[in-house]
Amino acid sequence: MKNVKLMPMLMAGIVTFSSFSWATVEKPFPNRSTNIAAKTTASVLSQAEIDSLRYMREEEKLAHDVYIHLYNRWKTPVFLNIAHAEKIHTQAVANLLHHYQVTDSIPNETGKFNHPELQKLYNQLIQQGEKSLMEALKVGMLIEDLDIADLQKAQQSVTQNDIKMIYQFLEKGSRNHLRGFYRNLRQIGGDYQPQYITSAYFNQIVSSRMERGRSF
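Heads up: the sequence shown runs through residues -23 to -1, 1 to 193, numbered per mature numbering (1 follows the signal peptide of the UniProt record, and there is no 0).
Structural data, given as structure tokens:
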């Protein structure tokens, strides 16, 4: 059964950024899926859905861990504000894993990942982001660029409505993050060429306003 009743609990406490000032950040919320009376077993999910949930859980963690590191290095507020949002995003995916009774074995240690490709990417991005503030902002853009592309791809293999809706929420968040990093980058004379999404879609995103409210 495609579960849409779960959405209020999964989305509770999530507030999207409303302006470029990033004055309001998303506040962490408890794992409310523990209050759901009837859980759904992993048997209703395809292996592709299970794999995508586990991968997106770690990809959102990667974003959080990189941004915290870069904030500590450069003290630029955009990194800290978006890191707070990524914590909300990874918890949203964690709630889905819990609801579907899929084992969540994500490492608690900062900068550690189960997927080798994400571990390698983390190490590379930390090294790049240490070079300069401009390179650090480009790292942020690359992460959001990749996140958008991966979320779009993941939605093609998802049939459960609650998973689709969460992925849509995460994608909209990544579009806003991309806008935030891009504006910061342009303010110091930098530029970025998309590596994963098309140039046309990238230009459409960064030339438009921050999105408010839910995208579904």
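For every residue, glycine included, the Cβ atom is placed at its ideal position computed from N, Cα and C.
Problem set entry | Proximity winner among Val70, Met118, Lys52, relative to Phe146 (alpha-carbon distances) | Position 169 of the sequence shown, counted from the start, is the residue given in the question as residue 146. Nearest neighbour of Phe146 by Cα position, chosen from Val70, Met118, Lys52, turns out to be Val70.
For this session: Would you please state the rounded distance, in angstroms, between the beta carbons of Glu36 and Asp127? I believe it to be under 8 angstroms.
Result: On the sequence shown, position 59 is the one that residue 36 refers to. On the sequence shown, position 150 is the one that residue 127 refers to. About 6 angstroms; that satisfies the 8 angstroms criterion.
Problem set entry | Inter-residue spacing [alpha-carbon to alpha-carbon] between Glu112 and Ile103 | Position 135 of the sequence shown, counting from 1, holds the residue named residue 112. Position 126 of the sequence shown, counting from 1, holds the residue named residue 103. One alpha carbon belongs to Glu112, the other to Ile103, and they sit about 10 angstroms apart.
For this session: Determine the extent of the alpha helix (DSSP H) in which Pro54 is found, giving its start and end residues.
Result: For the purposes of this step, residue 54 is identified with residue 77 of the sequence shown, where counting begins at 1. Taken as a continuous stretch (DSSP letters only), the alpha helix (DSSP H) holding Pro54 covers 54 to 76.
For this session: Answer yes or no: do Ile125 and Arg156 have a C-beta to C-beta separation smaller than 9 angstroms?
Result: Taking the first residue of the sequence shown as 1, we reach residue 125 at position 148. Taking the first residue of the sequence shown as 1, we reach residue 156 at position 179. Taking 9 angstroms as the cut-off, the Cβ atoms of Ile125 and Arg156 do not count as close.
For this session: Verify the contact flag: Val116, CB atom, against every heavy atom of the ligand ZN, threshold strictly below 8 angstroms.
Result: Annotation note on the ligand ZN: not contained in the displayed structure, which lists no ligands.
For this session: Below 6 angstroms CB to CB, which residues in the same chain sit around Gln40 once its five sequence neighbours on both sides are set aside?
Result: The residue labelled residue 40 in the question sits at position 63 within the sequence shown. Gln is not the amino acid found at residue 40; the sequence shown has Ala there. So the list reads Glu63, Ile120, once near-sequence residues are dropped.
For this session: Determine the burial state of Gly166: buried for a count of at least 16 other Cβ atoms within 10 Å of its Cβ, exposed for fewer.
Result: By 1-based counting over the sequence shown, the position of residue 166 is 189. In summary, Gly166 is exposed, with fewer than 16 beta-carbon neighbours lying within 10 Å of its beta-carbon over all protein chains present.
Exercise. Does the region 132 to 142 touch the region 21 to 32, meaning 3 or more C-beta pairs lie closer than 8 angstroms?
Worked result: In short, these stretches touch, since the Cβ pair count reaches three.
Exercise. Beta carbon of Arg31, beta carbon of Ile83: below 9 angstroms?
Worked result: Indexing the sequence shown from 1 puts residue 31 at position 54. Indexing the sequence shown from 1 puts residue 83 at position 106. Against a cut-off of 9 angstroms, the Cβ pair of Ile83 and Arg31 comes out as a contact.
Exercise. Can you name the start and end residues of the alpha helix (DSSP H) that Asp28 belongs to?
Worked result: Counting from 1 along the sequence shown, the entry for residue 28 is found at position 51. Asp28: member of the alpha helix (DSSP H) spanning 24 to 51, first to last residue.
Exercise. In three-state terms, what does DSSP make of Asp139?
Worked result: Looking up residue 139 in the sequence shown gives position 162. Assigned with DSSP and collapsed to three states, Asp139 falls in helix.
Problem set entry | Ala(-1) to Pro54 span [Cα, whole Å] | Here residue -1 corresponds to residue number 23 of the sequence shown, with the count starting at 1. Here residue 54 corresponds to residue number 77 of the sequence shown, with the count starting at 1. With a pLDDT of 31 at Ala(-1), under the threshold of 50, the predicted position of this residue should be treated as unreliable, though the coordinate-derived value follows. Those two C-alpha atoms are separated by around 10 angstroms.
Exercise. Three-state secondary structure (DSSP) at Asn180?
Worked result: For the purposes of this step, residue 180 is taken as the residue at position 203 of the sequence shown. Three-state result, Asn180: helix.
Exercise. Can you tell me the Cα-Cα spacing of Leu162 and His75, whole angstroms?
Worked result: Your numbering for residue 162 matches position 185 in the sequence shown. Your numbering for residue 75 matches position 98 in the sequence shown. Each residue's alpha carbon lies about 37 angstroms from the other.
Problem set entry | CA-to-CA distance, Gly190 to Leu98, given in whole angstroms | Taking the first residue of the sequence shown as position 1, residue 98 is located at position 121. Taking the first residue of the sequence shown as position 1, residue 190 is located at position 213. Approximately 31 angstroms, taken between the alpha carbons.
For this session: To the nearest angstrom, report how far apart Asp168 and Thr80 are at their CA atoms.
Result: If you number the sequence shown from 1, residue 168 lands on position 191. If you number the sequence shown from 1, residue 80 lands on position 103. In a straight line, the C-alpha of Asp168 is about 40 angstroms away from that of Thr80.
Exercise. Near His154, what residues of its chain come up, given a Cβ to Cβ distance below 6 angstroms and the 5 sequence neighbours on each side ignored?
Worked result: Translated into the one-based positions of the sequence shown, residue 154 becomes position 177. Contacts found: Ile59, Glu121.
Exercise. Going straight from the alpha carbon of Val116 to that of Asp28, what length do you get?
Worked result: Here residue 116 refers to the residue found at position 139 when the sequence shown is read from its first residue. Here residue 28 refers to the residue found at position 51 when the sequence shown is read from its first residue. Going from the Cα of Val116 to the Cα of Asp28 covers about 25 angstroms.
Exercise. Would DSSP call Asp122 helix, strand or coil?
Worked result: What you label residue 122 is simply residue 145 of the sequence shown in a count that begins at 1. Per DSSP, reduced to three states, the secondary structure at Asp122 is helical.
For this session: Kindly indicate which three-state DSSP category Lys108 falls into: helix, strand or coil?
Result: Here residue 108 corresponds to residue number 131 of the sequence shown, with the count starting at 1. In the three-state scheme derived from DSSP, where H, G and I count as helix and E and B as strand, Lys108 is classed as coil.
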